[in-house]
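Peer 1: Submitted below is the structure of interest, expressed as structure tokens.
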Amino acid sequence: MTTASLPAPAPRRAPGFFEALAPGGRRMLFLLAMVAVCLLFAFPVLWLGLTSLRPGYAVFYVHRGTDFTLENFHEVLGQPVVLKAMWNSFVISTLATILSLGVTVTSGYMLSRFRGPIPNTWFSLIYVFRCVPYVSWVLPLYFVTRALGIFDTYWGLLLPHVAVHVCFFSWIMKGFFDGIDPSMEYAAMIDGCSRWGAFWRVAMPAAIPGLTALAILCWLYTWNEFLFALILTAHETPILTVVMAQFVHELGMEWHLMSATAVLSLGPALLVTVFGQKYVIRGLKV
Amino acid sequence: MAEVVLEKLCKSYGSVAAVRDVDLRIADREFVVLVGPSGCGKSTTLRMIAGLEEITSGTISIGGRVVNDLPPKDRDIAMVFQNYALYQHMTVYDNLAFGLRNRRLPEAEIKDQIARAARILSIEPLLERRPRQLSGGQQQRVALGRCIVRNPSVFLFDEPLSNLDAQLRAQMRLEIKELRERVPTTAVFVTHDQVEAMTLGDRIVVMKDGYVQQVGTPLELYRRPVNRFVASFIGSPAMNFVEMRVEAAGDGFRLSGDGIGFDVPARAFPRLGPLAGRSAVLGIRPQHVRLGSPSAEGQAPIRGRLMVTEQLGDEQLLAIRIAGADFRIAGVDPELVFPAGAAIEAAVAHENMHFFDPEGGAALR
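One line per chain: the protein sequences are S and H, in this order. Under our numbering, the first residue of the first sequence carries the number 2, and numbering increases by one thereafter. Under our numbering, the first residue of the second sequence carries the number 370, and numbering increases by one thereafter.
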């Protein structure tokens with residue numbers, strides 16, 4: 002073998018600004034930026050965790066003192082309203098996820114696969130609703146739920162949440178179905194399925210990763226939602242995010258209890274995120 | 370086994386007509402290829418036969434039964450798609466079994482059918498794998514298997530080889546041909562590749578702009594194209610066209626163009642008569658041109674300047690400039706060396722000339 006055909010070595014590139022400044026400087030800068038961003042997001046959570054472990058008198062000096070206690074959690078869990086709110090939040094998040102997925106999946110599928118006046122109208126409706134600022138829905142919804150007699154009930158909070166999910170997530174679901182080759186469904190129809198059967202037995206299983214991502218996003222959204230919960234519920238149906246805020250009252254602010262409740266509410270959300278992270282990232286990429 | 374009959378088949382999307390008045394009778398066990406450029410309506414026609422596309426007007430019957438309003442599952446057809454369309458969440462075995470299970474066949478019988486199809490297509494080792502673990506060729510073989518196990522009346526192929534590389538495509542073409550011998554079934558095959566059409570079809574249907582241009586055996590289409598479009602679409606490299614003026618001269622015609630001119634006898638081309646004093650388009654296949662001066666009666670000379678040569682190993686292709694257009698000559702000895710811009714003289718026999726109406730493009734015979 003001759004060496005004649007070997008390519009000539011590439012000419013050495015002149016060192017860039019960072020390399021000239023310090024060898025490995027680029028990598029170091031990148032690392033520092035990463036740490037800064039992580040701290041930016043992690044710091045409030047760490048502070049919250051720390052505050053929840055401090056006794057009431059010490060919350061303003063979190064950085065000083067060594068008194069740590071689990072008493073805050075004990076006290077918070079001793080309040081029936083907190084337990085009830087946790088249960089309500091869990092039930093409403095779960096029901097809202099199930100109900101809205103039922104609608105979102107079929108709605109996303111329709112937007113992806115069908116053309117004609119009905120999908121077009123539906124698409125326009127969703128678009129219009131998405132254009133309206135979320136906050137401006139709250140007051141009309143308050144009047145509507147009162148008029149329907151579902152104010153401060155599960156339904157009174159569930160239905161608005163489902164509506165929001167359907168509007169926001171139909172597009173994401175459409176994106177998922179757009180990524181699934183429709184000829185698979187045609188093949189199923191030729192293989193003996195009806196149109197519905199092709200959707201249910203072929204398109205749906207292929208959309209499971211998207212569906213999982215959406216389920217997690219739906220659940221977290223409702224679990225963390227504050228505004229609707231604040232306006233559309235009262236004493237009958239306490240919701241965790243609202244109960245948490247009620248540690249601010251006329252006698253002062255119970256930061257330690259509020260932090261403990263917040264940490265408790267972080268738990269399920271964290272679990273869901275950790276287990277579903279893979280799908281959430283895939284879902285957000287669409 | 371069944372005959373497929375299309376009568377006055379039309380399909381429009383709003384005001385756009387995709388398929389217009391297609392009449393076609395496909396005999397039992399016949400292999401018909403629909404061929405044409407993109408947007409010619411061939412896939413739409415196939416999808417209408419499959420029931421995946423609604424018919425605007427006309428009728429489709431399969432095995433003597435009008436199927437216009439039947440859903441795809443009740444038409445007793447099987448289809449192979451361009452991108453295989455295998456069910457990604459199932460194993461190959463389950464993919465093959467899907468259609469049979471829908472028909473509620475006993476599991477033992479399903480197993481036998483799959484074993485038979487797997488043997489025919491040599492996919493036995495793949496049965497437990499998932500589609501994404503297979504190569505393109507293997508996936509296409511599984512897609513064929515999914516059709517075979519169903520034992521349908523009609524096979525429909527929607528550009529099944531387009532996603533494969535050239536080598537694999539040639540191999541799969543042979544396999545489909547072999548499959549035809551082993552499982553003789555009526556088949557409709559859609560492709561935009563004229564080589565696939567020529568090699569696979571008992572008959573070929575050439576389509577353009579929603580209309581059927583010509584239906585015939587591969588040789589009929591090659592030898593007697595009905596118009597300029599079919600002539601240019603079938604055959605590779607494509608037919609050469611030169612616009613020429615027709616003049617009556619003695620007992621024949623004098624044909625002359627920019628830098629080209631010769632006489633042809635009237636008895637060979639009776640339909641040139643009405644064109645005397647006007648122009649006609651001369652069509653000559655590159656394979657029918659021979660280098661050198663006309664050596665016998667019944668040959669016409671062609672002269673032009675060499676533009677480029679393309680070496681293929683077993684032959685070379687020349688492109689010479691005649692009347693402002695490239696004129697290709699195939700089958701030239703690969704050892705010959707031509708200087709750039711050389712004057713080339715070639716000959717073509719009268720019986721290998723095609724004439725087309727310069728306006729409509731219809732063949733003049």
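In this text, a Cβ means the ideal position worked out from N, Cα and C, and glycines have one as well. Bear in mind the structure is a predicted one, so any value in this text is a computation, not a measurement.
Per DSSP, which one or two residues make a beta bridge with residue 659 of chain H?
Peer 2: H:716
Peer 1: When the cut-off is 7 Å and only beta carbons count, does residue 454 of chain H lie next to chain S?
Peer 2: yes
Peer 1: Looking at the strands, I want to know which residues DSSP matches up with residue 721 of chain H.
Peer 2: Its beta-bridge partners do not exist; DSSP assigns none.
Peer 1: Expressed to the nearest angstrom, what Euclidean distance is found between the alpha-carbon atoms of residue 652 of chain H and residue 591 of chain H?
Peer 2: 12 Å
Peer 1: Starting from the Cα of residue 86 of chain S, find the closest Cα among S:256, S:277 and S:245 and give me that residue.
Peer 2: S:245
Peer 1: May I have a chain-ordered list of the beta strand (DSSP E) segments no shorter than 3 residues that lie completely inside the region 555 to 630 of chain H?
Peer 2: Listed in chain order, they are 555 to 560, 572 to 577, 580 to 585, 609 to 618 and 621 to 626.
Peer 1: Can you give me, in chain order, the residues of the region 135 to 167 of chain S that have a beta carbon less than 7 Å from any beta carbon in chain H?
Peer 2: none
Peer 1: Distance, Cα to Cα, residue 616 of chain H vs residue 670 of chain H?
Peer 2: Roughly 17 Å between the two C-alpha positions.
Peer 1: Is residue 250 of chain S helix, strand or coil when you go by DSSP?
Peer 2: strand
Peer 1: At a CB-CB cut-off below 7 Å, which residues of chain S make contact with residue 441 of chain H?
Peer 2: 190 and 191
Peer 1: From what residue to what residue does the alpha helix (DSSP H) around residue 380 of chain H run?
Peer 2: Per DSSP, residue 380 of chain H lies in no alpha helix (DSSP H) segment; the continuous beta strand (DSSP E) that holds it begins and ends at 373 to 382.
Peer 1: Residue 461 of chain H and residue 511 of chain H - do their beta-carbons sit closer together than 7 Å?
Peer 2: yes
Peer 1: Report the residues of the region 459 to 487 of chain H with a CB closer than 7 Å to any CB of chain S, ordered along the chain.
Peer 2: 467, 468, 471 and 472
Peer 1: Out of H:491, H:409 and H:466, which one is the CA nearest neighbour of residue 479 of chain H?
Peer 2: H:466
Peer 1: With a threshold of 7 Å on Cβ separation, who are the neighbours of residue 514 of chain H within its own chain once the five nearest residues in sequence on each side are excluded?
Peer 2: 465, 486, 487, 490 and 492
Peer 1: Taking residue 206 of chain S as the query, report the chain H residues whose CB atoms sit under 9 Å from its CB, ordered along the chain.
Peer 2: 456, 457, 458 and 459
Peer 1: How would you write the range of the beta strand (DSSP E) that residue 164 of chain S sits in, first residue to last?
Peer 2: No beta strand (DSSP E) contains residue 164 of chain S, which is instead part of the alpha helix (DSSP H) from 155 to 179.
Peer 1: Considering only DSSP beta bridges, list what residue 695 of chain H is partnered with.
Peer 2: The partner list for residue 695 of chain H (beta bridge, DSSP) reads H:690.
Peer 1: Out of H:703, H:624, H:686 and H:723, which has the shortest C-alpha to C-alpha gap to residue 697 of chain H?
Peer 2: Nearest of H:703, H:624, H:686 and H:723 to residue 697 of chain H, Cα basis: H:686.
Peer 1: Say whether the region 253 to 261 of chain S touches the region 104 to 118 of chain S, bearing in mind that this needs 3 or more beta-carbon pairs closer than 8 Å, one atom from each stretch.
Peer 2: Verdict: no, contact absent.
Peer 1: Tell me whether residue 224 of chain S is buried or exposed, calling it buried when 16 or more other Cβ atoms sit within 10 Å of its Cβ.
Peer 2: buried
Peer 1: Going by beta-carbon coordinates alone, are residue 730 of chain H and residue 597 of chain H separated by less than 7 Å?
Peer 2: With a cutoff of 7 Å on beta-carbon distance, residue 730 of chain H and residue 597 of chain H are scored as near each other.
Peer 1: At least one CB of chain H closer than 7 Å to the CB of residue 245 of chain S: is that the case?
Peer 2: no
Peer 1: Taking Cβ-Cβ distances below 8 Å as the criterion, which residues of the region 537 to 562 of chain H are in contact with chain S?
Peer 2: none
Peer 1: Counting only beta-carbon atoms, is residue 631 of chain H nearer than 7 Å to chain S?
Peer 2: No, residue 631 of chain H does not count as interfacial toward chain S.
Peer 1: Looking at the unbroken alpha helix (DSSP H) that takes in residue 87 of chain S, where does it start and where does it end?
Peer 2: 81 to 114
Peer 1: Kindly indicate the opening and closing residues of the alpha helix (DSSP H) around residue 487 of chain H.
Peer 2: 476 to 490
Peer 1: If we cut at 7 Å on Cβ distances, does residue 179 of chain S have a partner in chain H?
Peer 2: no
Peer 1: Could you tell me if residue 527 of chain H is buried or exposed, where buried requires 16 or more neighbouring beta carbons within 10 angstroms of its beta carbon?
Peer 2: buried
Peer 1: Which residues in the same chain as residue 714 of chain H place their Cβ atom closer than 7 Å to its Cβ, once the five residues preceding and following it in sequence are excluded?
Peer 2: 661, 662, 670 and 672
Peer 1: Counting only beta-carbon atoms, is residue 187 of chain S nearer than 7 Å to chain H?
Peer 2: yes
Peer 1: How would you label residue 4 of chain S, buried or exposed, when you count the other beta carbons within 10 angstroms and need 16 or more for buried?
Peer 2: Confidence is the limiting factor: at residue 4 of chain S the pLDDT is only 44, short of 50, which leaves the residue's position unreliable, though a coordinate-based value still follows. It is exposed - the Cβ of residue 4 of chain S has fewer than 16 other Cβ atoms within 10 Å.
Peer 1: Within 7 Å (strictly less), CB to CB, does residue 417 of chain H reach chain S?
Peer 2: no
Peer 1: On the DSSP bridge list, what partners appear for residue 632 of chain H?
Peer 2: H:623
Peer 1: Where does residue 207 of chain S sit, in a helix, a strand or coil, going by DSSP?
Peer 2: helix
Peer 1: For residue 557 of chain H and residue 575 of chain H, which I take to be in contact (beta-carbon distance under 8 Å), what is that distance rounded to the nearest angstrom?
Peer 2: The Cβ separation is near 14 Å, so there is no contact.
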